[in-house]
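To start, the structure itself, in structure tokens.
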Amino acid sequence: MNKKADAANADSLFNSGNYFEASIEYEYLIFRAEQPENLNLFKYKKALCYKKLNDFNRAINELQSAYFENPKEDTLYRFVCYEQSLCFYLNGEPQKALWKIDEYFHLNADSSLFFDFLPIRAICLNETFQWDEARKCLLAFVQMQDLTTENKTELEHLIHELYHKKNVPKIRSVKKAELFSRIIPGTGQIYAGMTGEGIVNFLINASILAFTAHQAYNGFYITGYLAGLGFFNKTYHGGIKRAEAIALQKNKELIANLNSRIIALISTGSNSN
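As numbered in the working numbering, residues -9 to 263 make up the sequence shown, in order.
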């Protein structure tokens, strides 16, 4: 079987949803590739297989292994950078995604090529709580779309409203949640948004301390220490970890909600074309 037939077979497997099998075929093509441009293309396609399989680490590694002598002149470089930034985001690494996007922007003077990157960049900026930069990014995205002046104005208004101080997510500080729990057990959970759980944690710890004090007052020092303070140590430190986990989860939920609204807004703009 010749190289063109091998490539066609790999593409056919990919298009039919057999991503694992396609990745093996692309690996074979990578091994046999003689020209750098073919090598990079097959690495790119192999990375797409991994992305479809939700194996973002392997997709990133494959994309990073592609080497371009003249990235400004090679159109494939743009697609590799896009997929790499997307996989970084999907892998829970928004800061690395931003770094990759900014690297691409720095190497290209033609801002018209930035269009596809802007939504990912805005979402990653949200993930890192950079609201003003995310707002500017989306405004630039709207300006680059082929829309009527009326539609652009409407979308810009929605973006400004979305990032108004009263509407941006109220991010919980993980450090504050930890600190509050250390000072007064349960308050970290309350701060993070789980009031009922925080109150229960506070009452449990308070009752344990009361039991320990009562045992000590009646002369049962060893019993008080082992049964009381031993259990308190578990609930106290467990409460601190729980407060941190709640703060992280609440932040994720808030950001996910904001990003879903942005995706809906982008879709609205696309449908207006």
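For glycine and all other residues, C-beta sits at the position ideal for the given N, C-alpha and C.
Every value quoted in this text rests on a predicted model; they were computed, and no experiment measured them.
Check, Outcome
"Excluding the five sequence neighbours on either side, which residues of its own chain have a C-beta within less than 6 Å of the C-beta of Tyr67, listed in chain order?", "Phe58 and Pro61"
"With distance defined between alpha-carbon atoms, name the residue in Leu31, Asn47 and Ile20 nearest to Tyr79.", "Asn47"
"Using the beta-carbon count (16 or more within 10 Å), is Ala56 buried or exposed?", "buried"
"Pick out whichever of Trp121, Leu169 and Cys127 has its Cα sitting closest to the Cα of Tyr153.", "Trp121"
"According to DSSP, simplified to helix, strand and coil, what is Ser55?", "coil"
"Any idea what DSSP makes of Val158, helix, strand or coil?", "coil"
"Residues in its own chain within less than 6 Å of Cys39 by CB, not counting five upstream and five downstream?", "Tyr9, Ala12 and Ser13"
"Taking 7 Å as the limit between beta carbons, can you name the residues of its chain near Ile256, skipping five residues before and five after?", "Pro109"
"May I ask you to report which of helix, strand or coil DSSP gives Lys264?", "This structure cannot settle anything about residue 264, because the visible part of the chain is limited to -9 through 263."
"Taking the CB atoms as reference points, tell me whether Tyr16 and Lys41 lie closer together than 8 Å.", "no"
"If you measure between the beta carbons of Ile252 and Ala112, is that distance less than 8 Å?", "yes"
"Can you look up Gly214 in the DSSP assignment and give me helix, strand or coil?", "The pLDDT assigned to Gly214 is 46, lower than 50, so where the model puts this residue is not dependable, and the model offers no usable value."
"Note the first and the last residue of the continuous alpha helix (DSSP H) segment covering Thr143.", "Thr139 to Leu152"
"Consult DSSP for Asn60 and reduce its assignment to one of helix, strand or coil.", "coil"
"For Lys240 and Ala87, what's the separation of their Cα atoms in angstroms?", "22 Å"
"Pop quiz: Ile50 and Lys33 are said to be a contact at Cβ under 8 Å. What is the actual Cβ separation, rounded to whole angstroms?", "About 12 Å separates the two Cβ atoms, so there is no contact after all."
"Is it right to say Asp92 is buried, meaning 16 or more other beta carbons lie within 10 angstroms of its own, or is it exposed?", "exposed"
"If we call anything under 8 Å between Cβ atoms a contact, is Thr118 one with Pro84?", "yes"
"CB Tyr72 to CB Asp45, shorter than 8 Å?", "no"
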